[in-house]
Amino acid sequence: MAGKKQKTRCVHVNAGKGYDILIREGLLSYAGEEIAKVCPKAVKAAVVCDANAFVPHGEPVEGDLWDAGLSCAQYILKPGEQNKNIGQYADLLSFLAESRLTRDDCLAALGGGVTGDIAGFAAATYLRGIPYIQIPTTLLAMVDSSVGGKTAVDLPAGKNLAGAFCQPSLVLCDPLALKTLPDSVFRDGCAEVIKYGVLYDREFFLKLKALAENRTSGQSLKQAMAKDLEEIIETCVSLKRDVVEQDEFDRGERKKLNLGHTFGHAIEHCSNYGQSHGSAVAAGLAMIARAAARKGYMDEADARLLEETLQLYGLPVDTEYQAEQLAAAAMTDKKASQYAIDLVVPRSIGNCELVRIETKDLKEWIEAGRPW
Ligand code: GLY
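Here the sequence shown is numbered in this note's numbering, starting from 28 and rising by one per residue.
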């Protein structure tokens, strides 16, 4: 997959006012310059960063913003899904007001998916909307949550229950930022990367499998993937861009991006968000594939291929929670109505469909997804 070193890769998304996703190693060193280009009237940037991302990236990005002529107001978020709540969101809004940000200014969300979601929601609602820039520092955020304009916080009743569709003005993906990520957090992002292959691109999926398989002994996943990361991110965000342009507001095709997430979100909920999103999605992917095979939607060979690939990436393929618990948790999903839920069911690796099932049948689908 690795080719000649490219210049900045650019994927344009025609949603909202339209924006670019820029991908390049070392891009964070030019963050200020790139942000000033898309926010020419801004005099101030609120840099919203989680505590984990701040140490390696906060000061360099802020320094760069100052060099580009923007003053910075820094807000450090408490990390983790447990903190993606109304309390922290309200506190962030007050901070933006106290910092006297205007609609000409901008917000930069620097961190993983939680940071992007909560900071994006604050940007979408403060002064009825100010421009914001996503600067994802995890693989998961680069390939999924920073793209497409979904912003949200969780409510006690469930995940992402309060939010807004609001597209960013720019997304800056610098694969070098992943160097400082713990391996487990990097692996989490790999679950979302694999998801795109299962949804839309068998060849891409097989390349991902080969990358993990051909690792030399002692080589970490991150090391094995390093030279291909720009291309992998570009492939994922291009696939997501095509979906978002078709269905920005999640009425049809975009629901397919939820592959593995109905069971995955249920696992996260049962673990009280102690289990990471990516690892829960991995288990959810394997479960829906086995259920699809047992119910005659897909060949068992493809379900096993997916399971094997997730395992090559060191990701889980099952959960300890009972079907009853998982079914109850899945009902807190915002996509579930009282009577029916749309499951994303693989037909083969590279082709999935939405299947509407009655909620009373959910438990049986979960049971069908148990290990062979
Ligand atoms: N993360 C799924 C979506 O953006 O629709």
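Don't be surprised by glycine CBs; every beta carbon is placed ideally from N, CA and C.
For Gly-175, is the beta carbon positioned less than 8 Å from some heavy atom of the ligand GLY?
yes
Can you check which of these residues, Gly-245, Leu-167, Gly-53, is closest to Ala-204 by C-alpha distance?
Gly-53
Taking only heavy atoms of the ligand GLY into account, decide whether any of them is closer than 8 Å to the Cβ of Arg-281.
yes
Looking only at DSSP bridge pairs, what is Cys-200 linked to?
Ile-50
Nearest-angstrom Cα separation, counted from Ala-367 out to Val-264:
30 Å
Could you tell me the distance, in whole angstroms, from the CA atom of Leu-256 to the CA atom of Ser-306?
20 Å
Using a threshold of 8 Å, is the CB atom of Val-180 nearer than that to any non-hydrogen atom of the ligand GLY?
no
With a threshold of 6 Å on Cβ separation, who are the neighbours of Met-325 within its own chain once the five nearest residues in sequence on each side are excluded?
Ala-319, Pro-373, Arg-374, Ser-375
Which residue from Ile-48, Ala-168, Ile-315 puts its Cα closest to that of His-288?
Ile-315
Skipping 5 residues on each side, what residues in its chain have a beta carbon closer than 8 Å to that of Gly-30?
Residue confidence is low: Gly-30 scores 44 on pLDDT, short of 50, so the model does not pin down where it sits. No coordinate-derived value is stated.
Tell me whether Lys-267 counts as near the ligand GLY, meaning its Cβ is closer than 8 Å to at least one heavy atom of that ligand.
yes
Measure how close the beta-carbons of Ala-42 and Glu-272 come, nearest whole angstrom, since I'm counting them as under 8 Å.
6 Å
By how many angstroms is the C-alpha of Gln-115 removed from the C-alpha of Tyr-340?
34 Å
Looking at the secondary structure, which residues open and close the alpha helix (DSSP H) in which Tyr-159 lies?
Here Tyr-159 belongs to no alpha helix (DSSP H); instead the beta strand (DSSP E) covers 159 to 163.
Cβ-based neighbour list, Ala-395, same chain, cut-off 8 Å, excluding 5 preceding and 5 following
Arg-317, Ala-318, Arg-321, Lys-322
Three-state secondary structure assigned by DSSP to Val-174
coil
Inter-stretch contact at 8 Å, needing at least 3 Cβ pairs: the stretch 60 to 72 / the stretch 130 to 141:
yes
Tell me the rounded alpha-carbon separation between Glu-125 and Cys-99.
13 Å
Same chain, Cβ closer than 8 Å to Lys-267, neighbours up to 5 away in sequence not counted
Val-170, Asp-171, Val-174, Gly-175, Tyr-223, Leu-284
Span separating the alpha-carbon of Leu-337 from that of Ser-121:
42 Å
Taking Cβ to Cβ, would you say Ala-146 is nearer than 9 Å to Gly-138?
yes
Considering only their Cβ atoms, is the gap separating Ala-136 from Val-88 smaller than 9 Å?
no
With respect to the alpha helix (DSSP H) encompassing Cys-76, which residues constitute its N-terminal and C-terminal limits?
Note, Cys-76: premise wrong, no alpha helix (DSSP H); beta strand (DSSP E) at 71 to 77.
Whole angstroms are fine: how far does the CA of Ala-218 sit from the CA of Val-344?
11 Å
Given the structure, does Ala-357 come close to the ligand ATP, in the sense that its CB is under 8 Å from one of the ligand's heavy atoms?
For the ligand ATP, the structure offers nothing, since it holds only the ligand GLY.
Would the beta-carbon of Val-271 be found less than 8 Å away from any heavy atom of the ligand GLY?
yes
With respect to the beta strand (DSSP E) encompassing Pro-373, which residues constitute its N-terminal and C-terminal limits?
367 to 375
Can you grab the Cα-Cα spacing for the pair Ile-38 / His-84, in whole Å?
Going by the sequence as given, residue 38 is Val instead of Ile. Cα to Cα, the separation comes out at about 23 Å.
Please classify Asp-94 as buried or exposed, where buried requires at least 16 neighbouring CB atoms within 10 angstroms.
exposed
Could you tell me whether the stretch 193 to 211 touches the stretch 287 to 301, where touching means 3 or more Cβ pairs closer than 8 Å?
no
Ordered along the chain, which non-local residues of its own chain (more than five positions away) have a Cβ less than 8 Å from that of Glu-334?
Ala-313, Ala-316, Arg-317, Val-344
Does the distance from the C-beta atom of Ala-350 to that of Lys-390 stay below 9 Å?
yes
Kindly indicate the opening and closing residues of the alpha helix (DSSP H) around Arg-214.
210 to 227
Could you check the C-alpha separation between Thr-35 and Tyr-46 for me, to the nearest Å?
15 Å
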